[in-house]
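If you're matching them up, the sequences are chains A and B in order.
Reading the first sequence from the start, the letters are residues 7 to 248 in the numbering used here.
Reading the second sequence from the start, the letters are residues 10 to 294 in the numbering used here.
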Amino acid sequence: MSTMGLAWEQFRFERKLFWRNPSAAFFNFLLPILLLVLIATAFASDDAELEVLIPGVAGMGVLATTFTALAYNLTYLRDEGVLKRIRGTPMPAGAYLGGFIGSAALNAILQVALVVTIGNLLYGVDWPQDPLMLAGFTLLGVICFASLGVAFSHVIPNEEAAPAYTNAIFLPVIFISGVFYSADDLPDALKAVAEALPLKHLIDGLSEAIVGGGSDVGTAALVVAAWAAAGLFLAVRFFRWE
Amino acid sequence: MASAAIEVIDLHKAYGPVEAVRGLSFEVERGEVFGLLGPNGAGKTTTVEILEGYRRRSAGDVRVLGHDPASRDRDLQQRVGIVLQSSGFYPRVTVREAVQHFGKAYHRPRDADETIELVGLSEKADARTRELSGGQRRRLDLALALVGDPELVFLDEPTTGFDPAARRTAWGVVRALKDLGKTVLLTTHYLDEAQELADRVAIVKEGRIVAEGPPDQLGPSSSRYRISYLSDGNRVELQTDDPTELLHRLTRDAISRGERLDGLEVTRPTLEEVYLELTADADST
C-alpha cells in the first residue's frame, strides 16, 4: 500500500477510535458547543456579544481539538509504548502522523462548521461574510495549533501529567484571547500577552470572516503563520517515539 | 546468499559515560533460534534495540538480513517482526481489528484470523485489548509482530511475568516459528527458557559475551564433568575435562580389583551452574 493509502487507513482507524472514546469526544467536541449554547442563551438578546462569542468559541474549538487533543493523545501513545511499536513496523512515519493529525484536523473543521451553524440557526447570526477567508483561517489555525500540540507533547513528561500541562495552557489562553468576551477590556499587560500568542489572532481572523467589521486580517494571518512555522519546526525537531 | 541472518561485530554502545555494550560479537544463522541470556542490565535489550533499528550503535558493525538497521530501510522492516519488552495497544480496538490494522503496512500480510490462531488467541479475537490478561496481551504482541509474516523475529523477554501455563504456550509459539523456518533472536533471563528454545545461547555479562554455544555444550573449562561413586559408604567425587578417559581408568581399575563402583554417576555441569558461575560478580568469587 502506498504512503497515501496507509495515511488514509490510519485516518479511518483514528476516526473509529475517536468515536469509541466518549469522554474524549465529549471534551474535545461537545464541551465547546455546550459552553456556546449556555453563554449564547444568556446573552441571546445582545448581538454584539454574539458576534464576539461565535468566532471566539470557533477559535477555542480549533485549540481544543488540535492543540489539546494532540498534545494529550501523543503523550498517552508515547507513554504506553504505542508509538514505539509503530516505529518498529514498516508504517511510514508520515503516513501514521498524517492520519493521526488529519483526524484531529477534521474535528477542528467540524467544530468550526458546527459553531457557525448553531450561531445562525439558534441565534440568528448571519452566515459567514467571507466563507473562503473562514476556510483559510480555519486551515491556518489547524496547522498552527496541531503543530504546537505535537511540539508541546515533547515537553509533557508522562501521561498522568498531560491534563495538567494542557489545561495550564488552554485555560489561561482562552480567558485572555477574547473567547467569551472582547479582549479589548483586558488590562494592558494581559492584552500584550494575548497579542503575542496565536489564539487571539486566529479569533480576529475568524471574526472578520464570519461577522466582518474591519479588523486587520493581514497581521492576524501573519502572527498565526509565524507560530505555525515555529510549531512545525519544534514538532519535527524534537519528536520522540519513546 | 547463505549469509547469516544477523551479524554483530565488536558492537559498542555508550550512554554518556556508561558503557552498556562493550564489544559484543555473534552471528545468528538463518532458521536458528538464538538466545541472549543474562541478568538484568547486562546489555541484552540495548543490543536487540540496536538490531531493531531503535538505537544507534557507538561503534562496531551490525548486519540484519544484509541491511544496516540504523538506516531503517523500509525493506528490512517488511521482513522483521518485533516483540518489545513492553509496549501498549490502542485500548478501544478488538484483537482482530488491531491485527488487521497492523497488517496493512506489510506487502504480504498473513491472514489476521490465522495469525490470531497461531498465537492461541482465537477465543479473544473480538475482545477489546484492554480486557486482555497479561499473558493474552503478550500473545497479541506476538500476533502483531507476526502479521507481516517476517523472516526474522525479535523477542525481548517474551515470557517475563507469565504464569507457567502461559509460558508453555509461548514456548509452543516459538517452536512453531522455528518449524516455519523463521529466525528468532530471543533475550531472556530464564535459564530454562534458553535451554528449552534456543539452538544456541550467548551468555551476556556487563556488555560482553562470556560464553556461547548450544545450551547443552556450554561451559568454560572450569566447569568440568563430575564423576562420583561410593567407596566404603563415602561418596568420592572427581572432576575432569575428559570423562571418557577418566571413566575408562576408574572402571578398568575397579574391574581389576574385582570391585563394583556403587552409585556411579557422571554429571555434566548444568546450564544453571555455568550461568551462575559466569555471571557471578568478580569480587564475590
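No residue lacks a Cβ here, since even glycine has one placed at the ideal position from N, Cα and C.
Quantities reported herein were computed from a predicted structural model and do not represent experimental measurements.
Sub-7 angstroms separation of residue i and residue j beta-carbons
i	j	result
B:Val-128	B:Arg-146	no
B:Thr-124	B:Leu-155	yes
B:Gln-87	B:His-116	yes
B:Leu-280	B:Leu-206	no
B:Glu-166	B:Thr-196	yes
B:Gly-90	B:Val-42	no
B:Ala-46	B:Val-275	Looking at the sequence provided, one finds Leu at residue 46 of chain B rather than Ala. Cβ atoms of B:Leu-46 and B:Val-275: not closer than 7 angstroms.
A:Leu-56	A:Leu-205	no
A:Val-131	A:Ile-60	yes
B:Ser-334	B:Lys-22	No information on residue 334 of chain B is available, as it lies outside the stretch 10 to 294 that chain B covers here.
A:Ser-159	A:Gly-237	no
A:Val-156	A:Ala-64	no
B:Val-283	B:Leu-227	yes
A:Gly-184	A:Ile-216	no
B:Ala-134	B:Arg-105	yes
A:Arg-93	A:Trp-247	yes
Top-ranked residue by Cα proximity to residue i, from the options
i	options	result
A:Asp-136	A:Ala-13, A:Ala-114 and A:Val-223	A:Val-223
B:Glu-28	B:Ala-203, B:Val-102, B:Gly-62 and B:Thr-55	B:Thr-55
B:Glu-246	B:His-257, B:Leu-273 and B:Gly-222	B:Leu-273
A:Ala-101	A:Val-242, A:Trp-14 and A:Phe-49	A:Trp-14
A:Leu-140	A:Phe-35, A:Leu-44, A:Leu-36 and A:Leu-212	A:Leu-212
A:Ala-114	A:Gln-16, A:Pro-28, A:Thr-225 and A:Ile-39	A:Ile-39
B:Ala-136	B:Asp-158, B:Tyr-99 and B:Val-182	B:Tyr-99
A:Arg-21	A:Gly-218, A:Gly-108 and A:Pro-98	A:Gly-108
B:Ala-203	B:Arg-261, B:Glu-36 and B:Trp-180	B:Trp-180
A:Phe-181	A:Trp-133, A:Ala-200 and A:Leu-89	A:Ala-200
B:Lys-187	B:Thr-168, B:Ala-263, B:Glu-38 and B:Val-219	B:Glu-38
B:Val-30	B:Ile-59, B:Glu-132 and B:Lys-133	B:Ile-59
B:Gly-40	B:Ala-51, B:Ser-12, B:Leu-93 and B:Gly-52	B:Ser-12
B:Gly-216	B:Ile-15, B:Ala-14, B:Leu-33 and B:Arg-269	B:Leu-33
Residue i: first and last residue of the uninterrupted beta strand (DSSP E) it sits in
i	result
B:Arg-217	217-222
B:Ala-23	15-24
B:Asn-243	243-249
B:Glu-274	271-276
B:Lys-133	Run containing B:Lys-133: none; DSSP gives neither H nor E here.
Residues near residue i in its chain [Cβ-Cβ closer than 6 angstroms; skip 5 each side]
i	result
A:Thr-74	Thr-172 and Phe-176
A:Phe-106	Glu-20
B:Ser-293	With a pLDDT of 43 at B:Ser-293, under the threshold of 50, the predicted position of this residue should be treated as unreliable, though the coordinate-derived value follows. There are no such residues.
B:Val-219	Ile-212 and Leu-287
B:Thr-260	none
Bounding residues of the alpha helix (DSSP H) (the contiguous stretch that carries residue i)
i	result
A:Tyr-82	75-86
B:Tyr-238	Per DSSP, B:Tyr-238 belongs to no alpha helix (DSSP H); it is in the beta strand (DSSP E), 234-240.
B:Leu-256	252-266
A:Val-242	223-243
A:Ile-45	37-48
Own chain partners of residue i with C-beta closer than 7 angstroms, once the 5 adjacent residues on each side are dropped
i	result
B:Gly-170	Gly-143
B:Arg-319	The structure shown does not extend to residue 319 of chain B, since chain B is modelled only from 10 through 294, so no value can be given for it.
A:Leu-251	There is no way to answer for residue 251 of chain A, as the model of chain A reaches only from 7 to 248.
B:Phe-35	Val-17, Ala-211, Ile-218 and Glu-221
B:Ala-185	Leu-127
8 angstroms CB neighbourhood of residue i in its chain, flanking five on each side removed
i	result
B:His-110	Val-102
B:Ser-230	Low confidence applies to B:Ser-230: its pLDDT is 48, below 50, so where it sits in the model is not reliable enough to give any reading.
A:Glu-165	Thr-81, Tyr-82, Asp-85 and Glu-86
### Short-range partners of chain D found in the segment 99-121 of chain B, where Cβ spacing is below 9 angstroms
You won't find chain D in this structure, because its protein chains are A and B.
### Query
Going along the chain, which residues of the segment 144-166 of chain A sit with their C-beta nearer than 7 angstroms to a C-beta in chain B?
none
### Message
To be precise: take each residue of the segment 87-98 of chain A, compare its Cβ to all Cβ atoms of chain B, and keep it if any distance is under 8 angstroms. Which residues remain?
### Response
Gly-87, Val-88, Lys-90, Arg-91, Arg-93, Gly-94, Thr-95, Pro-96, Met-97 and Pro-98
#### Entry: Interface residues of the segment 76-88 of chain B facing chain A [CB-CB below 7 angstroms]
Arg-83, Gln-86 and Gln-87
### Task
Note down, in chain order, all residues in the segment 10-26 of chain A with a beta-carbon under 9 angstroms from any beta-carbon belonging to chain B.
Gly-11, Leu-12, Glu-15, Gln-16, Phe-19, Lys-22, Leu-23 and Arg-26
### Task
Residues of the segment 35-68 of chain B with a CB closer than 8 angstroms to any CB of chain A: list them in chain order, please.
Glu-61, Gly-62 and Tyr-63
### Proximal residues, the segment 226-254 of chain B versus chain A, C-beta separation under 7 angstroms
none
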